[in-house]
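Novice: If you count by our numbering, then the sequence shown holds residues 5 to 281, one letter each, in order. Note that beta-carbon positions come from the ideal geometry of N, C-alpha and C, so glycine has one too.
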Amino acid sequence: MGCFNSKDSKKENGKPGASASSNPAPQRGGLKPGVQCGVIKTNHTFHEKEFNIDDYQFLDRTDEKCIKEPGSIQGEKFVVENCSNCDIYVCDYCGEISVDDTKDSRIFIGPTEASIFIRDTSNCKIVAACKQFRIRDCQNLEILLFSSTEPVIESSKDIKFGCFDYFYFSLRHQFDQAKLNIWNNKWSEVHDFTAVKEGGKKKYHGLLPDSTTSKDMLTSLSEYDVDFYSEEMGEEIIVPRTYGRRLKIGSDFGFVFVFESGFSRADQLIENVTSEN
């Protein structure tokens, strides 16, 4: 089995293998620069509009601060490629995101309705939220993740996962726009195709310490001139922090079972508990 259009991901009859998804891996090479006319989706309606492709990608950046503010992408596809030692913030909801050939960078990716694809990327710290999370040919990544489905990695090593942790004004609304349920986070249920093919003899991923937060991973947005974030906001919780598949979580913990109809009340419970501590 394989993923990301690898040779092993195709069966002899041409149909996708078990790792294929309804969202095929995007092509590399970024998008053609310049102003183009295309179909834009806004608030679940479609209309033609001229747009500048350069507004939907960070390409060939080195030692830069790259920020997309809320409202700048509005559910479209976004591309990050060939960036080095950059602080990258995609602070809007997206349809799909690909990160290719990037190294030594800190990356935040806002709620993504479909998939985040990361390929040939190394020595990066990433905070991201999406429906599907897929990695291929990467090494030494630390990731605080929200994923509605099992994260998939292949041909990668030294990949460490933790639970999503971040906040800025409108982030919760962006989760709703991307149709992501904050109570359905499978960040730790990683499927490693390489380990499976090798018979499970070696694991190429692990878990970050449960104390790891976005402050340990990213440069604070308060250092930049943005009006959608403040240090006071940084303490609020959008996605409940969970232990995932940790073997030991200590003796002082509680368990709350939430039915789907009770999500709004669960949100209020989290707010009450965190405000008392």
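1) Assess, as a yes-or-no matter, whether the segment 108 to 117 is touched by the segment 155 to 162 under the definition of 3 or more beta carbon pairs within less than 8 Å.
2) Quick check: the Cα distance between residue 105 and residue 139, rounded to an integer number of angstroms?
3) For the ligand MN, any of its heavy atoms closer than 7 Å to the Cβ of residue 135?
4) Would you check if the segment 155 to 174 and the segment 203 to 216 touch, i.e. whether three or more CB-CB distances between them fall below 8 Å?
5) Per DSSP, residue 93 forms a beta bridge with which residues?
6) Excluding five sequence neighbours on each side, which residues of the same chain lie with their C-beta closer than 6 Å to the C-beta of residue 69?
7) How do the segment 124 to 131 and the segment 172 to 183 stand: do at least 3 beta-carbon pairs fall below 8 Å, yes or no?
8) Under DSSP, the alpha helix (DSSP H) around residue 197 begins and ends at which residues?
9) Would you give the residue range spanned by the beta strand (DSSP E) that residue 145 belongs to?
10) Helix, strand or coil: how does DSSP classify residue 85 here?
11) The beta strand (DSSP E) that contains residue 138, what's its start and end?
12) Between the C-alpha atoms of residue 71 and residue 94, what's the straight-line distance to the nearest angstrom?
13) Based on the DSSP output, what are the partners of residue 80 in its beta bridges?
14) For residue 85, count neighbouring C-beta atoms within 10 Å of its own C-beta (all shown protein chains included) and say buried if the count is 16 or more, exposed if not.
15) Look at the Cβ atom of residue 197, then the Cβ atom of residue 242, and state whether they are nearer than 8 Å.
16) Would you say residue 80 and residue 98 are within 8 Å of each other, going by their C-beta atoms?
17) In three-state DSSP terms, what is residue 211?
18) What does DSSP give as the partner residue(s) for residue 164 in the beta ladder?
19) Suppose you measure from the CA of residue 100 to the CA of residue 223; what does that come to, to the nearest Å?
20) Using a 10 Å radius around the Cβ and a threshold of 16 neighbouring Cβ atoms, would you call residue 83 buried or exposed?
21) Out of 228, 227 and 219, which one is the CA nearest neighbour of residue 240?
22) From the DSSP secondary-structure annotation, give me the bridge partner or partners of residue 123.
23) What distance in whole Å lies between the Cβ atoms of residue 187 and residue 149, which are believed to be in contact at a cut-off of 8 Å?
24) Under 8 Å, do residue 169 and residue 245 count as touching if we go by C-beta distance?
25) Would the beta-carbon of residue 116 fall within 8 Å of that of residue 166?
26) If I follow the unbroken alpha helix (DSSP H) through residue 179, where does it start and stop?
27) From residue 226 to residue 147, what does the alpha carbon distance come to, in whole angstroms?
28) Exposed or buried, which one is residue 201 when buried takes at least 16 other CB atoms within 10 Å?
Specialist: To lay it out plainly:
1) no
2) 12 Å
3) The ligand MN is absent from the structure shown, which contains no ligands of any kind.
4) yes
5) 71 and 112
6) 91
7) no
8) 197 to 201
9) 143 to 151
10) strand
11) 126 to 140
12) 6 Å
13) Looking at the DSSP assignment, residue 80 forms no beta bridge with any residue, so it has no partner.
14) buried
15) no
16) yes
17) strand
18) 146 and 210
19) 24 Å
20) buried
21) 219
22) 104 and 140
23) Not confirmed; about 15 Å, so no contact.
24) yes
25) no
26) 175 to 181
27) 21 Å
28) exposed
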